[in-house]
Amino acid sequence: MSALGDLGWEAYPSEGWEEISVMDERNTPMRSYQVCNVMEANQNNWLRTRHIPRDGAQRVYIEIKFTLRDCNSLPGVPGTCKETFNMYYYESNNANLWFIKESQYIKIDTIAADESFTQTDVGDRVMKLNTEVRDISNLSKKGFYLAFQDVGACIALVSLRVFYKKCPLAVLNLAQFPDTVTGGDSALVEVRGSCVNDSEEFEAPRMYCSGDGGWLVPIGRCVCKPGFEENKDYCQPCRPGTYKASSMDAYCTKCPPHSFSHQEKASECSCEKGFYRADMDPRSMACTRPPSAAENPISTLNDTSVTLEWSPPRDSGGRGDVTYNVHCRKCANDGKTCSPCSNSVHFVPRQFGLSIPKVLITDLLSNTNYTFSIEAVNGVSDLSPTPKQQVTVNITTGQTGCSQISEHRKGEGHQYARHQLLQLFFLSFTLPLSLSAVNVILKERKSKDSITLAWQGPDRPNGVIVEYEVIYYEKNQRDQNYTVLKTKAHTMTVEGLKPGTTYVFRVRARTDGGYGNYGGEIELETSHEDMLAIGDPNQSTILAVSIAGGIVLLIFLVACFVVSGRHCGYIKAKQDPDEEKMQFQNGRVKLPGSRTYVHPHTYEDPNQAVRDFAKEIDASTIRIERVIGAGEFGEVCSGRLKLPSKREIYVAIKSLKAGYSEKQRRDFLSEASIMGQFDHPNIIRLEGVVTRCKPVMIITEYMENGSLDTFLKKHDGQFTVIQLVGMMRGIASGMKYLSDMSYVHRDLAARNILVNSNLVCKVSDFGLSRVLEDDPEAAYTTRGGKIPIRWTAPEAIAYRKFTSASDVWSYGIVMWEVISYGERPYWEMSNQDVIKAIDEGYRLPAPMDCPVVLHQLMLDCWEKSRSERPKFGQIVNTLDKLIRNPNSLKELANSSVWEDPTTPEFSVSTVDEWLDAVNMGQYKDNFASAGYVSLDSILYISLCELSKMGVTLVGHQKKILSAVQSLHAQGTHVQV
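Numbering (my numbering), first residue to last: 590 to 1565.
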C-alpha cells in the first residue's frame, strides 16, 4: 500500500516515510520527508520521486541534505537501529509509472551522515544538516526516478537538488561554441564551432567539453573575411584608407602608396589617376606608372653592325621590372621616308624584352640610314593610354669618316626633341684610356663570399669618365659564365661568391666616347672562413701600381679604413639595404664576420629584438596536429610548416596561453629573440614566430626523439660507446659555438638537450641563459631564483656567478648522464648533501662501462678552480681524437673494482660495502628494506626480486647480477 504526498512523491508502505511541513528560522514553510521507525526490526521503507527529465544530460548529480539521529541517543532502542539509508535510480521513458519493482532499481550508494544529532540537540533546536553529492552516468532514456530506502534509521530528507553540468557558450579563435552538456563517465564531448559574423573557416574549429564543464584543446580556427579584421572575438570592417586583401592577413593595413579606399570593408585599394596595378601584382603593392624614357644612348658602329647602350630611365615608375624594346627602321637618303627593317637584321641577345640596357645589331646594309627607337616599358605600360617613352638613335652604316646620332624623346600627349651631334670615330680612334690604365691596386677585404676591390683612375682619359665596368668569372670558366658590374666609384664590393674559390677580375672605364680596354687580370681567392684581409703578398706581381699618384691613393684609402672602420667613398656592387643595422646594432659595433650575442633585455623596446632576430611567419602556413606537452607559458604541439617555395617540414609549436599579460608576452618571445641569433647544427633552430595574430607562437624544428634524458632511459644499454661519444661531441660543439658568442647557458642538462631521428643532439631551453660582458673573466650575477644544484658549479651555487667555465662543469654532469643512460646525478642525495659533498671534494664515480678517458674528462670539467677546467674547444678536440682512435675507449674505469673475480682488493664484509664496491651504493636502502642484510643472502637474488625492490634500470640490473656472479666465483675473498 502506498500514499501520495503534496510533493507528489510516492511513499510505501504508508506507515513509512511521511511528508511534514516545518518552519525554518525565517518562518518560511519547508517540506520534508521523515521516517523514524526504529523500534521495529526489518524496516524496508521506500520513497520515490516523480519522473525527472534528463534534458539531454548523460551524467547528472544528486545533492541531498538530511538530518540523522544518533542511535545511542534513543533510549530503549533495540540493536536494529541504523544510521544509514540507500539511494537508487530507475531510467524510464514513461513519465507516469505508478509502480516500480524493487529489483528494477539500480543502487547509487549507501548514504551515511557525517554528523548525527542527539536528544539534547532537539531540545536546543540545533539540527546538524548533512550534505552529500552523488552522480549517475551514461543516462540514455527520457528521464529517471530517484528512490530512497530506509532500513531502520531516524532520518529527515530536507532538500533534494538534481542538476547536470555543461560547458558555457564561448567564443575562441573567432568560432562560437554553444552551451554543451557534458558527457557521461567524464568523457570528452567534441563540439564543432561556427564562425562568427564576417569570418570564414580556415580549419574546422573544434573544442572538447570536459566532464567538469570546462572547454579543452581548441583545434582549428576561423579568420576574418577580406575587408575585415579581428577585434577580440569578432570581425570589424576595415576603416576608410585601409584594406585587407586576403582572409589570411591578420589585420587591415594602410593603403599602399598612390592608392585609396573611401569606404569601409575594402578588400583592395583603388589606384590614383595615372597609376596602375598589374593583374599579377599583389594587392599590397603600391600602384605604379610607366617608366620615363631611357637616357644617354651610346652607339658603337663597326661597318654593318652596331652596339647600342643606354642608361636606365631616371624614373622607373616605382617598379623593378623595367625592360626594353628596340624598334628598327630603315630610312631613305632624304631621311624622311622610313620603313620597318627586314627580318634579315638580327638582334643579340634579342630585340624585345631586354633586361639589360645593351644590344648588338648585326647584318645591316652598308651605306644605309637607320633609326633605332629604344622603348622602356614595365608591367603597367600596357595599362596606360599614353604613348610609351622612347629615345631614338640615328646611324649611317659603312662610312669611313663619321656618322650622326640624334636623340629624340616622345612624351605624354606632346613631344619634345633635343638634337645633338656627336663624333663617332672608328674604334681604333676612340680608346679613352691607355691599355694599362685601370688596374686593381688594393684588395681591401675578403670573406668567404665577398671581395672588395679598389683601383686608380686612368692616367690619360679621353673625356670625363662616366663609369667603371668590372668583369669577373671563376678561374678557368671564362667561356662558360661571367658577370659584369658597373659603378661610378673607384671601389666595389663583389658579393655572392663561393667560399674558397679563385676568381679573375678585370676593370675598364667608359667616357662619353665609349669604353676603353680592360686592364690586367687579377686573381683573388675567397676565404674559407670570414676574416679581415688587407693586402695579399701573393698577389704583389699582379697588383700594378701607377707611380706616385697610385701610392698616394693607396695611403689615402688605407687611412680611411683605419680611422673610420668603414669604406671611404666607394659604392657596393650589391648594397645591403640593412647595412647600417648590421654594422651598428643596438648600439654595439658588429664587425663583418664577428658573432656576438645581444641580450633582448638590452633593447629599450623588447619587441624590436623579436623583429631583429626572429622571422615573422604567417599563421596560415602552420598546421597544428597534436599536443605533445605543456610549457611554462602554454601548450607545446607538433605540426607542419609549409612556407612558399619551400618543402613542408615538421615543427614544434609553443603557444602562449590566453589571458597573458604584456610582461608574459615579452618573456615568452625573449626565448625566440635569443634562439634567432644562433645558427649551428647542434643548437635548436628557430623557424620563426607568430606575433600578429593569436595565439602568439614560437616555431622551432621538430626533434623526433624528444629530450636526451628520457631518450636514454628508454634505450638503456642499446648504444655503442662510440655512439654515446658522438652524442657528447655534438653537445660540446653546440656549447663551443655559444661560448664563442659570449653566451652562458646556465641550465645545461640532459633534459634540455633534444635528439632528432638521426641521433643528432641539439642544445635547447634558453630560459635561464645570460650574457657575459666584454671582459672574458667577467660573470653575470643573478638576482636570485632557483638553481639546478646537481648540474651547477660550486662558484655558481655559492656566489650566483655564471661563466662559460660553469657551463663546462654542467657539461661534465651531462657526460655522466649520457654514459649512465639517464641516471639521476648523485642519486637520492638531498641538494644540501650534494653541496656539502662537492665542497669536501667528492665527485661522481664512473658509471658502469665508462671508459677511463671519459671519466677523466668529466673530472677535468669538475675542477674546483674554474680556470683549470678545459674550454669547450678543447673538449671538442679531445672527443674528436677519441672517435678517431676507438681503442682508447676500451679501458674501463670500473673494470678493476668488480669485474675481475680474482682481484685481491675486492674484500667486503657487508652488503653496504659490496654495493659501494660495485658503484651501486644508491640502492642500500632498497636492499635493507627487502631483508638483504648479509652477503650470503644476496648470492641467489633474481631479476624479479631486483624489480620488486625498485631496481628498474636494465643497466643497473645487469651490473648487480654480474657482480653477484663475481661474488660466487671469488668465494674465498668474501668475509662473511
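Ideal placement from N, C-alpha and C gives every residue a C-beta, glycine not left out.
Residue i versus residue j - alpha carbon distance
| i | j | result |
| --- | --- | --- |
| T985 | V895 | 10 Å |
| K1231 | M1264 | 21 Å |
| W899 | A883 | 7 Å |
| N1065 | E1110 | 13 Å |
| T1492 | L1433 | The pLDDT assigned to T1492 is 36, lower than 50, so where the model puts this residue is not dependable, and the model offers no usable value. |
| A701 | V770 | 30 Å |
| S788 | E1251 | 27 Å |
| E1001 | P976 | Caution applies to E1001, whose pLDDT of 36 falls short of 50 and renders its modelled position unreliable; the value that the coordinates give is listed next. Approximately 6 Å between the Cα atoms of the pair. |
| C827 | L763 | 17 Å |
| M619 | Y694 | 28 Å |
| R648 | S662 | 39 Å |
| E680 | V666 | 37 Å |
| H1304 | K1037 | 42 Å |
| K1243 | A1198 | 19 Å |
| L1313 | A1078 | 56 Å |
| T1299 | I1311 | 20 Å |
| Q1266 | V1333 | 14 Å |
| L1113 | S1039 | 11 Å |
| C824 | F817 | 6 Å |
| R1097 | P1047 | 9 Å |
| N1341 | S1353 | 6 Å |
| E1290 | G1228 | 10 Å |
| N616 | R643 | 33 Å |
| N821 | M1447 | For the record, residue 821 in the displayed sequence is Lys; it is not Asn. The alpha-carbon atoms of K821 and M1447 are separated by roughly 54 Å. |
| K1425 | M1317 | 28 Å |
| K1075 | T1191 | 41 Å |
| C844 | Y865 | 14 Å |
Beta-carbon proximity list for residue i, same chain, < 6 Å, skipping 5 on both sides
| i | result |
| --- | --- |
| M796 | F766, V780, W804, P807 |
| E819 | C813 |
| N634 | G605, W606, V624, D739 |
| H1444 | A1435, A1482 |
| N1294 | F1300, V1344 |
Cβ-based neighbour list, residue i, same chain, cut-off 8 Å, excluding 5 preceding and 5 following
| i | result |
| --- | --- |
| E1452 | R1458 |
| L1612 | Residue 1612 lies beyond the range of the chain shown here (590 to 1565); nothing can be said about it. |
| V747 | M619, S621, K654, F655, T656, L718 |
C-beta neighbour in chain B for residue i, strict 8 Å
| i | result |
| --- | --- |
| Y1061 | No chain B is present in this structure, which holds just one protein chain. |
Bridge-paired residues (DSSP) for residue i
| i | result |
| --- | --- |
| P929 | R918 |
| P879 | BP columns for P879 are empty, so no partner. |
| D724 | Y650 |
| I1584 | Outside the displayed span of the chain (590 to 1565) sits residue 1584, for which this structure offers no information. |
| D698 | M676 |
| V778 | C798 |
| D739 | N634, F674 |
| G542 | Because the chain here runs from 590 to 1565, residue 542 falls outside it and cannot be looked at. |
| E1084 | S1039 |
| F706 | R658 |
| H935 | T951 |
| C625 | Paired residues: none, contrary to the question. |
| I887 | E898 |
Contact set for residue i: own chain, Cβ-Cβ below 7 Å, skip 5 residues either direction
| i | result |
| --- | --- |
| G1319 | N1271, V1349, C1350 |
| R750 | E652 |
| T673 | T699, I700, A701, A742 |
| A684 | H640, G732 |
heavy atom of the ligand FAD below 7 Å from residue i C-beta
| i | result |
| --- | --- |
| S1498 | Ligands are entirely absent from the displayed structure, and the ligand FAD is therefore not among its contents. |
* Would you say the region 826-841 touches the region 851-862, given that touching needs at least three Cβ pairs under 8 Å? -> As far as the Cβ criterion goes, the region 826-841 touches the region 851-862, which means the pair count is three or higher.
* **Every unbroken beta strand (DSSP E) within the region 1215-1266, with a cutoff of 3 residues, ordered by chain** => For the region 1215-1266, whole beta strand (DSSP E) runs of length 3 or above, ordered along the chain, are 1224-1230, 1238-1244.
* Answer yes if the region 1408-1416 comes into contact with the region 1475-1483, meaning at least three C-beta pairs across the two stretches below 8 Å, and no otherwise. => They do not touch, by the three-pair rule.
* **Three CB pairs or more closer than 8 Å across the region 1274-1284 and the region 1385-1395** => Judged by pairs of C-beta atoms under 8 Å, the region 1274-1284 does not touch the region 1385-1395, as fewer than three such pairs exist.
* State whether the region 1456-1474 contacts the region 1505-1522, with contact taken as three or more CB pairs (one from each stretch) at a distance under 8 Å. => No, they do not touch.
* **Cβ contact check for the region 927-936 and the region 836-854: 3 or more pairs under 8 Å** => Taking 8 Å as the limit for Cβ pairs, the verdict is that the region 836-854 does not touch the region 927-936.
* **Continuous alpha helix (DSSP H) assignments of at least 4 residues falling wholly in the region 1188-1219** => With a minimum length of 4 residues, the continuous alpha helix (DSSP H) runs that stay inside the region 1188-1219 are 1195-1202.
* Within the region 1415-1471, note down every full alpha helix (DSSP H) run reaching 4 residues or more, in order along the chain. => Runs found: 1420-1428, 1441-1450.
* To do: Let me know the beta strand (DSSP E) ranges lying completely inside the region 818-868, each 3 residues or longer, listed in chain order.
  => Entirely contained in the region 818-868, the beta strand (DSSP E) runs reaching 3 residues are, in chain order, 823-826.
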